[in-house]
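Asker:
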Amino acid sequence: MLLIDCPHCGPRDENEFRYGGQAGIAYPERPAELTDDEWAGYVFRRDNPKGWFHERWFHAHGCRVWLTVERHTVTHEIRKPR
Amino acid sequence: MTRLPSGGLVDRSVTLSFRFDGHALQGHPGDTLASALLACGVRVVGRSVELGRPRGVFSAGAEEPNALVRVGADPMVAATTVELRDGLEAWSLRGKGRVDLDAADDRRCDKGYLHCDVLVVGGGPAGLAAALAAGLTGARVILVDDQPRLGGDLLNSRVRLDGARGLDWAALVAARLATLPEVRVMTRTTAIGYHDHNYLVAVERRPGGERLWHFRARGVVLATGAHERSLAFPGNDRPGVMLASAARAYANRYGVRPGRRAVVFACADSGYEAARDLAAAGVEVAEIVDPRAPGGEVVTGTTADAGGLLDGVRIGSRRVEADLLAVAGGWNPAVHLFSQSQGTLRFDEGLQTFVPDVSAQAERSAGACRGLYGTAEAIEDGFAAGAQAAEQAGFGPVHLPRVPDGDERALRAPAALWMTGPGATQAGGGEPVRAEPVGTEPGLSEPAFVDLHRDVTVADLARATGAGMRSPEHVKRYTTAGTGADQGKTSGAVVTGVMSALLGVGPGQVGGTTYRPPYTPVSFATLAGRDRGPLSDPVRTTALHASHLARGAVFEDVGQWKRPWYFPRDGEGLNEAVRRECHAARTGVAAMDASTLGKIDIRGGDAGGFLDRIYTNLYSTLPVGACRYGVMCGADGMVFDDGTTSRLGDDHYLMTTTTGNAAAVLDWLEEWHQTEWPALDVSFTSVTDHWATVAVVGPRAREVLSVIAPDAAGLAFMRHTAAEVLGVEGRVFRISFSGELAYEVNVPSWYGRSLWEAVLGLGAVPYGTETMHVLRAEKGFAIVGQETDGTVTPQDLGLSWLVSKRKPDYMGRRSHARPDTSRDGRKRLVGLLADDPAEQVEEGAQLVAGPGDRVMLGHVTSGYTSAALGRTFGLAMVRDVTTGDRLTAVSGQAAVPVTVVEPVFYDPENTRRDGDPSVARRGGDASPSPAGPSAEACRAESPAAGFAERFAAAGDDRVRVREAPFIPMWEVRGADPGTGLRLGPAWWLVTGEPEGRPGWVDVSAQRTVLELDGPGALDVLITGCPVDLHPSVFTAPVQTLLGQAPVILEPTASGYRVYVRASFTAYLAEWLLDAIAGNLVILG
Chain A
1 MLLIDCPHCG PRDENEFRYG GQAGIAYPER PAELTDDEWA GYVFRRDNPK GWFHERWFHA
61 HGCRVWLTVE RHTVTHEIRK PR
Chain B
1 MTRLPSGGLV DRSVTLSFRF DGHALQGHPG DTLASALLAC GVRVVGRSVE LGRPRGVFSA
61 GAEEPNALVR VGADPMVAAT TVELRDGLEA WSLRGKGRVD LDAADDRRCD KGYLHCDVLV
121 VGGGPAGLAA ALAAGLTGAR VILVDDQPRL GGDLLNSRVR LDGARGLDWA ALVAARLATL
181 PEVRVMTRTT AIGYHDHNYL VAVERRPGGE RLWHFRARGV VLATGAHERS LAFPGNDRPG
241 VMLASAARAY ANRYGVRPGR RAVVFACADS GYEAARDLAA AGVEVAEIVD PRAPGGEVVT
301 GTTADAGGLL DGVRIGSRRV EADLLAVAGG WNPAVHLFSQ SQGTLRFDEG LQTFVPDVSA
361 QAERSAGACR GLYGTAEAIE DGFAAGAQAA EQAGFGPVHL PRVPDGDERA LRAPAALWMT
421 GPGATQAGGG EPVRAEPVGT EPGLSEPAFV DLHRDVTVAD LARATGAGMR SPEHVKRYTT
481 AGTGADQGKT SGAVVTGVMS ALLGVGPGQV GGTTYRPPYT PVSFATLAGR DRGPLSDPVR
541 TTALHASHLA RGAVFEDVGQ WKRPWYFPRD GEGLNEAVRR ECHAARTGVA AMDASTLGKI
601 DIRGGDAGGF LDRIYTNLYS TLPVGACRYG VMCGADGMVF DDGTTSRLGD DHYLMTTTTG
661 NAAAVLDWLE EWHQTEWPAL DVSFTSVTDH WATVAVVGPR AREVLSVIAP DAAGLAFMRH
721 TAAEVLGVEG RVFRISFSGE LAYEVNVPSW YGRSLWEAVL GLGAVPYGTE TMHVLRAEKG
781 FAIVGQETDG TVTPQDLGLS WLVSKRKPDY MGRRSHARPD TSRDGRKRLV GLLADDPAEQ
841 VEEGAQLVAG PGDRVMLGHV TSGYTSAALG RTFGLAMVRD VTTGDRLTAV SGQAAVPVTV
901 VEPVFYDPEN TRRDGDPSVA RRGGDASPSP AGPSAEACRA ESPAAGFAER FAAAGDDRVR
961 VREAPFIPMW EVRGADPGTG LRLGPAWWLV TGEPEGRPGW VDVSAQRTVL ELDGPGALDV
1021 LITGCPVDLH PSVFTAPVQT LLGQAPVILE PTASGYRVYV RASFTAYLAE WLLDAIAGNL
1081 VILG
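Those sequence lines, one after another, are chains A and B. Numbered as in the UniProt record's numbering, the first sequence ends at 82 without a single skipped number. Numbered as in the UniProt record's numbering, the second sequence ends at 1084 without a single skipped number.
Here it is as structure tokens:
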């Protein structure tokens, strides 16, 4: 059970949150202008690193705010994103 | 009887009677089942699992591999961990237990959540010292220990500290700890798991049932001690072969003489301590065998009497008569929790064991669990560890107490010895043992066991290494060594040592197997706690639920909701009831509880624009007062949810979602608003539980509306209005999911039952979800999750008309232009008619071109019998077909010939949505309205009204629970209203204000308040609330979980207010009643 530090509620157990996958994937400004492959990259392809990973969590059972944390995918260590 | 006349920690003035395998026996308070059995002379406590060999008590703790017994409903527990109690009944096992499904189990297990600055695991010298050092700083400290009393190994030993009994020192520390208000000492509590982020789980054994504790600690001190180990030699499993430390514990702690004549195999100095204590207890110590002594000998085997009991010990060529062989093979630090925390181990050549190396979490091992075996040095280490953990949490420093002087001699290194006997080689492939086996013919040699519980021998390990295995993980799986009840506590080091000998490498290179939770076996009942039976998963109910129960509704689970599936009358089955309910909806008037549909109040100047981006169709152009059906897609273009959204005002919409997707859709809206379009002025508030919704359906629906909401009876199709409903402010929507004239009537859920009863009182026939499904399928309306499965676009469903061509973008638009989604030949929604109108096409059946064809063209998504059509029909997702094509629906052995048809089976011209056209031609449906209920008939009922009596009966002086009903509540977004509970950034819940301000969303009936008061209220809440409720921390309201229900928890002067959603109220009320009753049982 990870302990995730919500900027509004303080540290809370993981099961109050919903996982939101890789952070920093912005919705393309003009999707129509993207090639099929570029669009597929936005929709389907994500990094899967062994090590530090910026990822989104949603405090669904708390303040309902989306937040970004940096988690180590091997040790589960969490640090504030840089 | 082998009970000593005096000494030990048992209370000889009280006799406890118990039964073992049916024999009446006696023991005393302070005994374990194992010590009482030994005291009664029971030397065989079970048979081994594979070979059926007699086995006796081997250890005095959680590592026991032999003395496994059934106690009551517990199929297999170690007798060394069972506290003796009067009336206890236990049975021996052959190695493994069997669950007795008929065994009465009246335990009340639950959970508990605590937070602390420093968690200390282990109440021995190091742990006591750590807890004291940390506690003196004022830090919040929790000390857990698995024994009934503190002291750890001091309970078993005769060590003296400052010239007094070691236990006296422990008692002094315990007394000191008791004076520290922020220190909590928990005995009979075994830490079983060390998880991420200093999350530890422990089991507290209570007479009424276990409690599974969840601890979150800023720092952890592990003071888990060490387990003594044996080694592999022939016949090392005889009853009478025992760990030296266990023999010492039985003599010192339990006042039991574990044998008459002993040989001590002292590969480590603890053997001498045991020998001394055994002698003091009147055991004749025949010989101490120390391989480290000059010309040192080793034990090479045992002999047994006819019953298999130890009667002699072989030392090379000699045989020494003995009924007790106390083996001191060396110590293994209990690194289980450390390893679970992902800390790494290293092999210490001096100690001949694995010790903690690098920590992975905010944790520190202290004392014997890191190889500091001496009492005084463990205390010193504990003081340092406790002070360090407190300091890292921001406490201290304080002046540490003095380390007492001990009387122990410095320990010498143990022998690097893992096996003896015929063919034994030594670790690292060194010199063979000095003593040649004599008197044992090789073929007749007794097996030398490495894992007593799984009957794994040295020969088994040799087979594994001989087959090429080098990793202990492989050897474990091949031989099962380490997979028994003790999970390798007694066997792991021996396996590593023997493997190192067999492979000719050092034990450190061989390594060990992964340590995984739980440290000791845990029953599923303990893990489940209160989450079993009706409380295993929250059951959500609507405000109408009691009415449905009273009418004998058969329910179906939709997500967590209980929805009426159908309402059988007079012994009807599903088919008859659904036929009758459908007939009523198509020809008269029927009503359904639609309260479970998700309802989201959407406000803000950009609300319309936001919806344009989320839905495939347009909402910014929707006139105020109108409703529009829409589907929303994921970025992948696949249908995610559907529903009707209505415009209540210029900047105000109400969205409905499917029952199962309500939470996901709200999350989805929040996600896009927060992460992509934060500049848009829009906010979302769930009002699902605030409104009770009754769908009134059928050509005579207007007659019902003209009584209950006359102002809304004339609404046009896809229009809505705020209206008085039975004198209450409600909302009426002219929405139809059946093709018939239909209204969805909404009132605050307090009035839901009154509305429902009034509608039924006007002749509406209640119907459930099955009838709803048939009615919609007759009209070809898809259901998200039934026709769709995450691979279906709106176009596949024939909803291209819903997909805007005008909007520059909407969620999914680009994906709809991808080659795969825009190609021909995708599966699309069609209707199916079986050749035989009585034959049902089964949902899930595969569709192929003809009998015997193996190319799947699609699958059946819906199959029903229609009262209106007088036959069966179905819906399907199929590729490459057109109307009139012949297919075969294959399911199991059935192959049903079907014809593809258009998916709208009933009233394709939509002539019925304003009522029966034949009646309209005759002059409308202006039949005289029956006398309707008066406005007084609309009675408010709070969500927990049905619990009032049980709440009153459950409370006592320590804790009371009551509902505070009908509190006006408003959710407020944006600017701080200056009052209310802050729920999140720019988000408040204002309570008690009778009048809302502009922009406030009325959520008065969305939640109810349960007040929990009294000094015991906190003890109830910590059994289900994972947040830190310590009064110094919990000062403002929080949103969190209680049990499995989302709640708002507010501290008050006298206790707590729990704000719970109306649909979760029954679940949470039952949960609280169980928690209060459980605490009463526990507290006696």
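Where a beta carbon is used, it is the ideal one built from N, C-alpha and C, also for glycine.
Select from the region 362-394 of chain B all residues with a C-beta closer than 7 Å to any C-beta belonging to chain A, and list them in chain order.
Answerer: Within the region 362-394 of chain B, no residue has a Cβ that lies closer than 7 Å to any Cβ of chain A.
Asker: Out of B/390, B/69, B/260, point me to the one whose CA is closest to residue 135 of chain B's CA.
Answerer: Ranking B/390, B/69, B/260 by Cα distance to residue 135 of chain B puts B/390 first.
Asker: Secondary structure at residue 140 of chain B, three-state DSSP: helix, strand or coil?
Answerer: Coil.
Asker: Give me the Cα-Cα distance between residue 732 of chain B and residue 748 of chain B, rounded to the nearest whole angstrom.
Answerer: Cα-Cα distance, rounded: 12 Å.
Asker: Kindly say whether residue 345 of chain B, judged by its beta-carbon, lies nearer than 8 Å to any beta-carbon of chain A.
Answerer: Not one chain A Cβ lies under 8 Å of residue 345 of chain B.
Asker: By the 8 Å beta-carbon criterion, what residues does the region 36-56 of chain A contribute toward chain B?
Answerer: Residues passing the 8 Å Cβ filter: 36, 39, 40, 42, 43, 44, 56.
Asker: Starting from the beta carbon of residue 27 of chain A, find every residue of chain B whose beta carbon is closer than 7 Å, and list them in chain order.
Answerer: The contacting residues are 676.
Asker: Taking the straight line between their C-alpha atoms, what separation do you get for residue 568 of chain B and residue 594 of chain B?
Answerer: Whole-angstrom Cα-Cα distance: 19 Å.
Asker: Taking C-alpha atoms, which residue in B/452, B/518, B/535 lies nearest to residue 495 of chain B?
Answerer: Answer by Cα proximity: B/452.
Asker: Within 10 angstroms of the Cβ of residue 1052 of chain B, are there 16 or more other Cβ atoms? Answer buried if so, exposed if not.
Answerer: Looking at its Cβ environment, which holds fewer than 16 other Cβ atoms inside 10 Å, residue 1052 of chain B is exposed.
Asker: Can you tell me which residues form a DSSP beta bridge with residue 189 of chain B?
Answerer: Answer by DSSP bridge pairing, in chain order: B/204.
Asker: Please list, in chain order, the chain A residues whose beta carbon lies closer than 9 Å to that of residue 983 of chain B.
Answerer: Here the neighbours are 62, 63, 64.
Asker: Mind listing the chain A neighbours of residue 1039 of chain B? Cutoff is C-beta to C-beta under 7 Å, in chain order.
Answerer: Neighbours of residue 1039 of chain B on chain A, chain order: 61, 62, 63.
Asker: Closer than 7 Å, Cβ to any Cβ of chain A: which residues of the region 818-849 of chain B, in chain order?
Answerer: Flagged, chain order: 818, 819.
Asker: Taking the alpha-carbon of residue 788 of chain B as reference, which of B/658, B/915, B/954, B/367 has the nearest alpha-carbon?
Answerer: It is B/658 whose Cα lies nearest to the Cα of residue 788 of chain B.
Asker: Let me see if you follow: with CB-CB separation under 8 Å, is residue 8 of chain A close to chain B or not?
Answerer: Closer than 8 Å to some Cβ of chain B, the Cβ of residue 8 of chain A qualifies, so yes.
Asker: Quick one: which chain B residues come within Cβ less than 8 Å of residue 76 of chain A?
Answerer: Within chain B, the residues near residue 76 of chain A are 196, 197.
Asker: Should residue 857 of chain B go down as buried or exposed, given a rule of 16 or more other Cβ atoms within 10 Å for buried?
Answerer: So residue 857 of chain B ends up on the buried side.
Asker: Please list, in chain order, the residues of the region 650-673 of chain B that have any C-beta partner in chain A closer than 9 Å.
Answerer: Cβ contacts with chain A come from 663, 666, 667, 670, 671, 672.
Asker: To which residues does DSSP link residue 1101 of chain B through a beta bridge?
Answerer: Because chain B spans 1 through 1084 in this model, residue 1101 of chain B falls outside it and cannot be assessed.
Asker: Return the CA-CA distance between residue 578 of chain B and residue 767 of chain B, expressed in angstroms with no decimal places.
Answerer: Their Cα atoms are separated by approximately 8 Å.
Asker: Output needed in chain order: residues of the region 9-20 of chain A with a Cβ under 9 Å from some Cβ in chain B.
Answerer: Flagged, chain order: 9, 10, 11, 12, 13, 14, 15, 16, 18, 20.
Asker: Let me confirm a value: residue 893 of chain B is counted as buried when at least 16 other C-beta atoms fall within 10 Å, else exposed. Which label applies?
Answerer: Classification for residue 893 of chain B: exposed.
Asker: Using a Cβ-Cβ cut-off of 7 Å (strictly less than) and excluding sequence neighbours within five positions of residue 859 of chain B, which residues of its own chain qualify?
Answerer: Closer than 7 Å at Cβ, skipping near neighbours: 844, 845, 846, 847, 876, 877.
Asker: So the alpha helix (DSSP H) residue 344 of chain B belongs to, where does it begin and stop?
Answerer: Residue 344 of chain B -> not in any alpha helix (DSSP H); beta strand (DSSP E) instead, spanning 344-348.
Asker: Distance, Cα to Cα, residue 717 of chain B vs residue 58 of chain A?
Answerer: Approximately 39 Å, taken between the alpha carbons.
Asker: Can you say whether residue 364 of chain B is buried or exposed, counting buried as having 16 or more other CB atoms within 10 angstroms of its CB?
Answerer: So residue 364 of chain B counts as buried.
Asker: For residue 928 of chain B, count neighbouring C-beta atoms within 10 Å of its own C-beta (all shown protein chains included) and say buried if the count is 16 or more, exposed if not.
Answerer: Annotation note: pLDDT 43 at residue 928 of chain B (below 50); position unreliable, no value reported.
Asker: Between which residues of its own chain and residue 1065 of chain B is the CB-CB distance below 6 Å, once the five residues before and five after are set aside?
Answerer: Correct list, in chain order: 943, 944, 1008.
Asker: Over the uninterrupted alpha helix (DSSP H) stretch that includes residue 121 of chain A, give me the two end residues.
Answerer: Here chain A comprises residues numbered 1 to 82, so residue 121 of chain A is not present and cannot be evaluated.
Asker: Check whether the Cβ of residue 50 of chain A sits closer than 7 Å to any heavy atom of the ligand FMN, and report yes or no.
Answerer: Looking at this structure, you won't find the ligand FMN or any other ligand, since it has none at all.
Asker: Quick one: Cα of residue 30 of chain B to Cα of residue 1033 of chain B, how far?
Answerer: Between residue 30 of chain B and residue 1033 of chain B, the C-alpha separation is close to 39 Å.
Asker: Would you check if the region 207-221 of chain B and the region 26-43 of chain B touch, i.e. whether three or more CB-CB distances between them fall below 8 Å?
Answerer: Output reads no: the region 207-221 of chain B does not touch the region 26-43 of chain B.
Asker: Kindly list, in the order they appear in chain A, the residues whose Cβ is closer than 8 Å to that of residue 342 of chain B.
Answerer: Near residue 342 of chain B (Cβ distances below 8 Å), the residues of chain A are 75.
Asker: If residue 109 of chain B sits next to residue 209 of chain B, beta carbons under 8 Å apart, how far is it from one beta carbon to the other, in whole angstroms?
Answerer: 4 Å between Cβ atoms; contact.
Asker: Per the DSSP calculation, residue 969 of chain B is bridged to which residue(s)?
Answerer: Its beta-bridge partners are B/991.
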